[in-house]
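A short write-up of the structure that comes next.
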Amino acid sequence: MWGRRTLTGRSPRCGGSTRAGRSSSARARTSGDGVYPPEGTVCAASWLGVEVIGDQEVMIDAPSQLPEHLVEASADRRLVLHAMHSVVDWLAFAVWEDGRLVRSLSLSPDSGITENIGEPLPFELPYWAGDRPADIIPWPGEEEEPYALPFHPLDLDEDALRAFCGFIQEGRPEPDDVDADAIELYRPTRARSRRAGSGAAQSCGGYGSVALLPTEP
């Protein structure tokens, strides 16, 4: 079920306008920085069978609460939400199959486990088994304190991103990882309503994206 669904370096099929709100001409960005566009902008692309959107507005504390219209658009397909914020060590992701939520996880050391729905996915298992403990180095002169979680969310974050999209943002890439800098996303700017999103999304240091993928047989 969880063989890699990787993005390619081909130019996406994407126009210069959005369906909601006024839009300026689209500007290309790579997925490496397009996963966390500035507020008021969205990075998006469409390939055959795959759509990707990078937007701060999907960085929500409870991934299962993703707006219904996005979930409805995933009929007969797989929908993946993935978000991270390094300042607060926050990770969130969720997976829907044909509109049905099968996995949702959101956690940080300060808030603990905010949401944990469904069975862990294969790439999660070593973390929950205690095989990937958090490696925390205390500040000079301070005693080491136990980490609030059994693993570091940002370590799991990279494995989740690799499993979902085939690339990572930090850490050591593997030989068959996708080169995120070779993937073009488009960034149309448009009028946006003021939102009250996750506190984790209010400052820099993170990313949030959703992807529609074909359902695997």
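Residue 133 in the UniProt record's numbering sits at position 133 of the sequence shown; the count goes up by one each step and never skips. Think of the CB as a built atom: it goes at the ideal place given N, C-alpha and C, for glycine as much as any other residue.
Check	Outcome
What's the gap between the Cα of E97 and the Cα of V71?	10 Å
Here's the rule: buried if 16 or more other CB atoms are within 10 angstroms of the residue's CB, otherwise exposed. What is Q56?	buried
Three or more C-beta pairs closer than 8 Å, one from the stretch 79-90 and one from the stretch 108-123: is that the case here?	yes
Ordered along the chain, which non-local residues of its own chain (more than five positions away) have a Cβ less than 8 Å from that of R195?	Summary for R195: the model assigns pLDDT 40, below 50, so the residue's position carries little reliability; its value from the coordinates is reported in the next sentence. Contacts found: E57.
Among the candidates L81, I60, W47 and E124, whose CA atom is the shortest distance from the CA of H152?	E124
Residues in its own chain within less than 8 Å of S64 by CB, not counting five upstream and five downstream?	A94, L101, S104, E115 and I117
Does DSSP classify F93 as helix, strand or coil?	strand
Where does S86 fall in DSSP's three states?	helix
Assign H85 to buried or exposed, taking buried as 16 or more other Cβ atoms, counted over all protein chains shown, within 10 Å of its Cβ.	buried
Kindly list the residues whose CB is nearer than 6 Å to the CB of F167, restricted to its own chain and excluding five residues on each side of it in sequence; keep chain order.	D177, V178 and A180
Going by the beta-carbon positions, is the gap between G112 and L149 smaller than 9 Å?	yes
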